[in-house]
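In what follows, a single structure is set out as structure tokens and then discussed.
In this note's numbering, the protein residues as written are 212 to 427.
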């Protein structure tokens, strides 16, 4: 979906605009060239559907000490960018046969009047299964990246142990991530095929959450 266009940010998402589900019959709907809904995906027109570049990003941290205890916290955040969850084309596609499906696909259209974003499953029919804005999502997140909590032994204890200094600690990486992104990890950029496709996520493994206990 990546595109270079004069006057637009590099690598904008460009493609069919998904309009949801027709509540009367469960058809997936797209926007045609006249700006009207159509159930025929061959009539779906291409539009600007997302921007992989954030409005702002940054990080902050602080170190706290109290008596013999110390706590160091580092956080990072990104806001305003879009991600194209390409894995959703295979695993969030209303019961298509590619992969095991995400549980939100159980909210599919069943009968006239149903209001949902998941079209009626139709085996080998591809109802709503073209690459489109259906899988473009907000990629904003806030992450507690590292936390380190430690205790420095008192001088009296150190003298009895005949050592100069000692510190016991518990450290964590990627402890908490707050995001509305449905993929594995919002901190992703799979630049496969070409460097044009930024902000794409294709089954990228999430960063591990690790907790370490140690002594210096």
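Every residue gets a Cβ at the ideal spot worked out from N, C-alpha and C, and that includes glycine.
Residues near residue i in its chain [Cβ-Cβ closer than 7 Å; skip 5 each side]
i, result
"residue 418", "385, 396 and 398"
"residue 365", "279"
Where residue i sits in the DSSP three-state scheme
i, result
"residue 302", "helix"
"residue 370", "helix"
"residue 345", "helix"
"residue 243", "strand"
C-beta atoms of residue i and residue j nearer than 8 Å
i, j, result
"residue 307", "residue 255", "no"
"residue 380", "residue 425", "yes"
"residue 330", "residue 318", "no"
"residue 303", "residue 266", "no"
"residue 353", "residue 286", "yes"
"residue 257", "residue 226", "yes"
"residue 350", "residue 299", "no"
Straight-line gap, residue i to residue j (C-alpha atoms, nearest Å)
i, j, result
"residue 280", "residue 360", "8 Å"
"residue 313", "residue 378", "45 Å"
"residue 346", "residue 283", "37 Å"
"residue 231", "residue 240", "6 Å"
"residue 369", "residue 271", "34 Å"
"residue 355", "residue 275", "16 Å"
Residue closest to residue i, alpha-carbon to alpha-carbon, out of the options
i, options, result
"residue 236", "414, 324 and 298", "324"
"residue 229", "248, 370, 387 and 351", "248"
"residue 234", "393, 272, 320 and 414", "320"
"residue 332", "238, 217 and 218", "238"
Contacting residues, own chain, Cβ-Cβ under 6 Å from residue i (five flanking each side not counted)
i, result
"residue 334", "none"
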